[in-house]
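Protein sequences, first through last, are from chains V, G and F.
For the first sequence, this note's numbering begins at 923 and goes up steadily by one.
For the second sequence, this note's numbering begins at 9 and goes up steadily by one.
For the third sequence, this note's numbering begins at 529 and goes up steadily by one.
Cβ coordinates follow ideal geometry from the N, Cα and C atoms, glycine included.
Here is the structure we will look at.
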Amino acid sequence: MASSKNKLAEVIAKHEQQIATGWLERQASSMRRLSGAEQQEVTRQSREFLKAVKTAAQGDGTGDVSSPTWNPVREFLVDFSAARAKGGYSSSETASFIFSMKQPVFEALRAEIGSDSETLANETWRATELLDSLGLLTTEAFQKTREDVISRQQHELLELSTPVVQLWDGILALPLIGTLDSARTQVVMQNLLDAIVKTRSDFAIIDITGVPVVDTLVAQHLLKTVAAARLMGAECMISGIRPQIAQTIIHLGVDLSDVITKATLADAFALTLRRAGFKMVREQKDQRAAEN
Amino acid sequence: MERIPILKMGEYLLITLQVDMHDRLAIMLQEDLTDQIVKHRSHGVLIDISALEMVDSFIGRMLGSIASMARLLDAETVVVGMQPAVAITLVELGLSMTGVRTALDVEKGMLVLRTALSKARRNGAPGVEI
Amino acid sequence: MLRVLKSESLPIRSSEDVVIVRQAVRIQAVSLGFGLVDQTKLVTASSELARNTLEYGGGGAAQIEVIQNDQRSGVRVVFEDQGPGIPDIAQALTDGYTTGVGLGLGLSGAKRLSHEFEISSKPGAGTRVSILRWK
């Protein structure tokens, strides 16, 4: 059995040039038009990959692509798929890198084995199995990179959607838009606490006007955020309590007695200004006219 | 044997926690502190935990004990400088630090002490504020 | 499929050992690239359980492991002692939450700070607590 796998290695070694040429042609026909630079890159990658497959096949007769002999091949494919995923290529454009190698390899096998139909059938089958497992590997690696990109984008979105605004010297506002789940709460807490440290703020107003649903979990998340801010020496208030929210909170039995709540951000802001020792005075209109 | 130094800062006492606390160290600290409060007749204690990368229930309880002991000796306590990651973890841990005042840093801590002490003098009893 | 990439065993016989366990867990979390909050949660949970092992279990050991499955990697810490065991685990977990002291607090706290939490304990047969935090 071992010797027949190396038959494949033999064939690839002997017909390397033809396989490479045929392969590149088939790749080109299955993809959109590439620029000169892109084409050069694909050619380089194909030759490198073919060499790696040849070496691995020579070293390992079983065709088990998970064995250490195939490490360089697998590593190449992981990097290749990741690059394609990031470069905006589609899943099939990436997998066709492998699958378009089949025809040229079969042709090389036929040229070499020719009349011995049983051996030809066996070798063709083994070559198919090998290329199929490599193709699957490519697809998996492609998938994983895409998932990583998506999860990173989700995280960035999360960060961007929880801005902390400085309303005044020592007074921060956190307008929350959207649902508040536990993942978001972690980001909210981190952003708020970092802002408290940076601005040395004594007050934080969490405005929940834009939070559609406030259930027991959301209330817990809010209370946690308030508690965390307190540990940093900042007094936290919650504003934007809509009438329906007020009803829900009471019906659920959530205890917000420890937190100052206001219907609007404006009310909360006015209160924090007073507590911070500021006093707002409105000048009389006629006074100003007289001054001017 | 290592002991946590207690510094006199005007009318207040300042303790800076830096090392990983273990039981004996915590007990010695409480002993030393109560001695110093009485000796200097201090009415305020600042505990700076800005160097602590972790506060677990043991340290949390210790801080609470210190605050309670100090109060019995007519002194108010403020814990200052908690790191954000520690605050988030403490809240998740569910350790209620009620009875322990907190402030962002030593400067704000002193302001808190001054307010708490003036309130206490007015009311004739220590103000209970979180 | 769960793979154990690294494993380190440390004794818990004194309060200095609790400190050593904390530091070792921190090092492992840092080397895996955990964010600061995640590190702190893991180290704090470990501290709670290490103290429990010392104070209620009569001493024992901690095993720190770097774990990997198909999607992600994490750190698992297993605390084991040959102490008296916990007669009613569910009760301990609720008690800890309500009274705020004792063995239960450490257990419920560690559970809240970890992604995965497992405990097995029988009176007279010791206790084994395992916590895991993914990156």
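{"Item": "Rounded separation between F/Gly-585 and F/Ser-648 - CA only", "Value": "13 Å"}
{"Item": "Own chain residues within Cβ distance below 7 Å of G/Met-77, not counting five before or after", "Value": "Gln-38, Thr-42"}
{"Item": "Outcome for F/Gly-563 when other beta-carbon atoms lying within 10 angstroms are tallied against a minimum of 16", "Value": "exposed"}
{"Item": "Helix, strand or coil at F/Ser-648 [DSSP, three-state]", "Value": "strand"}
{"Item": "Nearest neighbour of F/Gln-556, chosen from F/Val-605, F/Ser-542, F/Ala-589, F/Asp-598 [CA to CA]", "Value": "F/Val-605"}
{"Item": "In DSSP terms, what G/Ile-23 is bridged to", "Value": "G/Ile-14, G/Ile-55"}
{"Item": "Boundaries (first-last residue) of the alpha helix (DSSP H) holding V/Ile-1172", "Value": "1165 to 1174"}
{"Item": "Beta-carbon contacts of V/Gln-949 that lie in its chain and below 6 Å, excluding the five residues immediately before and after", "Value": "Ser-1022"}
{"Item": "Cβ neighbour criterion (16 or more within 10 Å) applied to V/Arg-1204", "Value": "exposed"}
{"Item": "Nearest-angstrom Cα separation, counted from F/Leu-530 out to V/Ile-941", "Value": "40 Å"}
{"Item": "Collapsed DSSP secondary structure at V/Gln-1218 in the structure displayed", "Value": "Because chain V is modelled from 923 through 1214, residue 1218 of chain V falls outside the range shown and cannot be assessed."}
{"Item": "Near-chain F residues of the segment 48 to 82 of chain G (beta-carbon distance less than 8 Å), N- to C-terminal order", "Value": "Glu-61, Met-62, Val-63, Asp-64, Ser-65, Phe-66, Arg-69"}
{"Item": "Through-space distance from F/Gln-610 to G/Ile-96, alpha-carbon basis", "Value": "33 Å"}
{"Item": "Delimiting residues of the alpha helix (DSSP H) encompassing F/Thr-572", "Value": "564 to 583"}
{"Item": "Complete runs of the alpha helix (DSSP H) confined to the segment 37 to 86 of chain G [at least 4 residues]", "Value": "65 to 80"}
{"Item": "Helix, strand or coil at G/Ile-138 according to DSSP, with G and I counted as helix", "Value": "Note that G/Ile-138 scores 46 on pLDDT, short of 50, meaning its location in the model is unreliable and no value can be drawn from it."}
{"Item": "Among G/Val-27, G/Gly-18, G/Ser-73, G/Gly-72, nearest to G/Ile-12 - alpha-carbon criterion", "Value": "G/Val-27"}
{"Item": "For F/Gly-602, three-class secondary structure by DSSP", "Value": "strand"}
{"Item": "Sufficient close CB pairs (3 or more, under 8 Å) joining the segment 1093 to 1103 of chain V to the segment 1033 to 1040 of chain V", "Value": "no"}
{"Item": "Of the listed residues G/Lys-127, G/Glu-100, G/Met-90, G/Leu-125, nearest to V/Met-1154 (C-alpha basis)", "Value": "G/Met-90"}
{"Item": "Where V/Arg-996 sits in the DSSP three-state scheme", "Value": "helix"}
{"Item": "Chain F residues whose Cβ lies nearer than 9 Å to that of G/Ile-23", "Value": "Under the 9 Å cutoff, chain F gives no residues; its nearest Cβ is about 19 Å from G/Ile-23."}
{"Item": "Residues that V/Met-1202 contacts on chain G, provided the C-beta gap is smaller than 9 Å", "Value": "The premise fails here: V/Met-1202 is roughly 23 Å from chain G at the closest Cβ pair, so nothing lies under 9 Å."}
{"Item": "Contact the segment 590 to 607 of chain F vs the segment 651 to 662 of chain F: 3+ CB pairs below 8 Å", "Value": "yes"}
{"Item": "Inter-residue Cα distance where the pair is V/Val-975 and V/Ser-957", "Value": "27 Å"}
{"Item": "Beta-carbon gap between F/Gly-637 and G/Ser-65 smaller than 8 Å", "Value": "yes"}
{"Item": "F/Glu-536 at chain G interface by Cβ criterion, 8 Å", "Value": "no"}
{"Item": "Separation of V/Leu-1058 from V/His-1119, as counted between CA atoms", "Value": "Note on identity: in this sequence residue 1119 of chain V is Val, with His being the wrong assignment. Looking at the two C-alpha atoms, the distance is approximately 50 Å."}
{"Item": "Sheet register partners of V/Pro-1134 (DSSP bridge)", "Value": "Answer is none; V/Pro-1134 lacks a bridge partner."}
{"Item": "Closer than 8 Å to chain V by CB, G/Lys-116", "Value": "yes"}
{"Item": "Chain G contact for F/Thr-581 (CB, 8 Å cutoff)", "Value": "no"}
{"Item": "Burial state of V/His-1077 (16 or more Cβ within 10 Å)", "Value": "exposed"}
{"Item": "Segment contact, 8 Å Cβ cut-off, at least three pairs: the segment 1058 to 1067 of chain V with the segment 1085 to 1096 of chain V", "Value": "no"}
{"Item": "Proximal residues to G/Val-120 (C-beta, below 7 Å), its chain only, five neighbours per side dropped", "Value": "Val-86, Arg-109, Ala-111"}
{"Item": "Sequence ranges, beta strand (DSSP E) only - wholly within the segment 1103 to 1163 of chain V, length at least 3", "Value": "1125 to 1132, 1157 to 1161"}
{"Item": "CA-to-CA distance, V/Pro-1165 to V/Met-1159, given in whole angstroms", "Value": "17 Å"}
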